[in-house]
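Numbering (my numbering), first residue to last: 6 to 389. Built from N, CA and C at the ideal position, the CB exists for glycine as well. First the structure, in the form of structure tokens, and then the observations on it.
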């Protein structure tokens, strides 16, 4: 018996009752660092490797959208056919499984649903599991057909943000959206895409399962109307798909996902230099080095040359312009604020102070004023 999925979400009981369907494929969309044969999975499940097999690993940003050819070949290697019915799950409840669901839809495959509650709900119901196994069956015949409206990229989001042609909805936590905590990706500045609004993906979930349709509709309606053109964003294009899932269930039709999300946008754009908590580590380094170079009121070309050996020219000019506007007191405040937003460890501070000392020696001398500034910074920056 072949099955056709009529909803984007199915229950664990439904999956258990239909495990023997001829065209059913169960995919484990858990984000895992490596294949682990000791990990448990749902019976018949095949591991969908988001990070390596189904991402463009040549892209500097994580989980980048794969090519049509790559996606087709990797899906076929898991035995996916054009007439397959796919149920995907993950080990957190509803998390990365939504990304798998959205990827298939972006490549023209519609007969797919997410397991509500994922593997935790399956285990809670005492349903059959097995140790993780590599799929060794026959190749599938799935033909990928890219649907260009499903994914948005950097240039698209820049235009959408500037023209406000789309409602941009950020799925990150409110603390990340409001720059109150550091980003989990090291070196990534805090911030938000201009003209975006926040709806944490967790607002659609309860105990790892989707809330009721009515509750999901209410949460979405707080930030967008059903006829809005919407782009969902997040940290790296994973949890934005949870919002896309909720939106599709709620009848929103003009929806898409920003593939690179804040990881890409935050890396490719500069923050507001008047807000030190949004500075990147390179901007902070440049600011500190410029501060030291000005300690004797006479920054030399050799000092500038050293700074440019450590940061890009555009970073230097952007930071130098801001530094010129700040008083000494403001400069210290900026440095303390910026350092406090990054996770600096002992080795990071050692490298930072080595840079400061090398820069101070760049003009061939290390005068008393530079020594005093160095000592003062060392005292101030030991805030962790």
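Using a 10 Å radius around the Cβ and a threshold of 16 neighbouring Cβ atoms, would you call residue i buried or exposed?
i           : result
residue 107 : buried
residue 322 : exposed
residue 67  : buried
residue 25  : exposed
residue 9   : exposed
residue 389 : Low per-residue confidence applies at residue 389: pLDDT is 46, beneath 50, and the placement is therefore not dependable, though the value from the model is reported in the following sentence. Looking at its Cβ environment, which holds fewer than 16 other Cβ atoms inside 10 Å, residue 389 is exposed.
residue 310 : exposed
residue 164 : exposed
residue 327 : buried
residue 133 : exposed
residue 273 : exposed
residue 79  : buried
residue 263 : buried
residue 156 : buried
residue 65  : exposed
Taking residue i and residue j to be in contact with their CB atoms under 8 Å, please state how far apart those CB atoms are, rounded to whole angstroms.
i           : j           : result
residue 179 : residue 173 : That pair is no contact at about 16 Å.
residue 126 : residue 98  : 7 Å
residue 48  : residue 84  : Wrong, their Cβ atoms sit about 15 Å apart, outside the cutoff.
residue 297 : residue 365 : 6 Å
residue 170 : residue 252 : Not quite, the Cβ-Cβ distance comes to about 17 Å (not below 8 Å), so this is no contact.
residue 206 : residue 176 : 4 Å
residue 162 : residue 236 : 7 Å
Taking residue i as the reference, which of the options has the closest Cα?
i           : options            : result
residue 58  : 168, 273, 82, 239  : 82
residue 231 : 280, 255, 214, 316 : 255
residue 300 : 183, 6, 337        : 337
residue 280 : 185, 22, 68, 160   : 185
residue 137 : 146, 51, 171       : 51
residue 239 : 101, 213, 18, 325  : 101
residue 283 : 252, 202, 333, 344 : 344
residue 385 : 346, 355, 376, 340 : 340
residue 318 : 156, 287, 19, 54   : 287
residue 23  : 207, 377, 141, 90  : 90
residue 20  : 44, 69, 72, 93     : 93
residue 95  : 214, 202, 342      : 214
residue 147 : 168, 333, 116, 277 : 116
residue 152 : 111, 168, 18       : 111
residue 73  : 56, 18, 150        : 150
residue 278 : 316, 324, 131      : 324
Can you name the residues that DSSP bridges to residue i?
i           : result
residue 166 : BP columns for residue 166 are empty, so no partner.
residue 156 : 262
residue 136 : 45
residue 29  : 90
residue 173 : 201, 236
residue 1   : For residue 1 there is no data in the structure shown, the boundaries of the chain being 6 and 389.
residue 51  : 32
residue 15  : 120
Quick one: is residue i near chain D, going by C-beta distance under 8 Å?
i           : result
residue 148 : Here there is only one protein chain, and chain D is not present.
field: Contact between the segment 250-259 and the segment 180-200 (3+ Cβ pairs under 8 Å)
entry: no
message: Three or more C-beta pairs under 8 Å: does that hold for the segment 18-31 against the segment 264-283?
response: no
- prompt: Using 8 Å as the Cβ pair cut-off and three pairs as the minimum, do the segment 237-247 and the segment 94-114 touch?
  reply: yes
- prompt: Contact between the segment 10-17 and the segment 110-121: three or more CB pairs below 8 Å?
  reply: yes
message: Check whether the segment 358-365 and the segment 290-297 are in contact - that is, three or more C-beta pairs closer than 8 Å.
response: yes
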